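Numbering (the working numbering), first residue to last: 42 to 240.
Okay, so here's the structure we're looking at.
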């Protein structure tokens, strides 16, 4: 039923071909403002100003929406790491990668938490986006002076260690509300640099 005239909210204009991207953007805003409890398809439709059926056309369920959000988050993380890779000094790629990772986690904490939800880890789209982001991190780690001449298989393991350590530290600081200027992040980064320093 069309919106009535005279004071009732009007639907926002949207471009049909770009609706999926717009829905993800609105879903992110819902997620960051109210957490997962506020994230449902009807609320998303209301926020976007469209009919609920239009949302269901792109996302059949809340689980599908969350998987799409996770994949979108990993793509953004990949972009952040790729940008960091392009500006990383040759002697500090691990530091540059870690700072980019932590900055991403702090900027969108609810999305970051959702990205690593165990229930979404096997979703094909989210998994592919996660692997693509990790590949950029692995490439960045491979530039470190300590990794020159190291076998690719070992570089892969080092990248896994940095990824796991970064995720653990980021999750810890977000869960415990560690201040932005806390020395914890710097301590973690220095620990990684020492751990993977050329002997």
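Using N, Cα and C, we set each Cβ at its ideal position, and we do this for glycine too.
Given the structure is predicted, the values throughout are model-derived calculations rather than measurements.
ask   = So does the stretch 169 to 176 actually touch the stretch 106 to 123, counting three or more Cβ pairs closer than 8 Å?
value = yes
inquiry  = Taking 8 Å as the cut-off, does the stretch 145 to 163 touch the stretch 192 to 201 (at least 3 CB pairs, one atom from each stretch)?
reply    = no
key: Burial state of residue 232, where buried means 16 or more other Cβ atoms lie within 10 Å   = exposed
inquiry  = Measuring CB atoms only, is the stretch 178 to 194 touching the stretch 154 to 162, in the sense that at least three cross pairs come out at less than 8 Å?
reply    = no
request  = Taking all protein chains shown into account, decide if residue 207 is buried (16 or more other Cβ within 10 angstroms of its Cβ) or exposed.
outcome  = buried
request  = Can you tell me the Cβ-Cβ gap for residue 64 and residue 85, rounded? I've got them flagged as a contact below 8 Å.
outcome  = 6 Å
query = If you draw a straight line from the C-alpha of residue 74 to the C-alpha of residue 150, how long is it?
reply = 11 Å
ask   = From this set, 183, 226, 236, 170, which residue's C-alpha is nearest residue 114's C-alpha?
value = 170
ask   = Can you list, in chain order, the residues of its chain whose CB lies under 7 Å from that of residue 82, leaving out five sequence neighbours each side?
value = 93, 96, 97, 100, 103, 106
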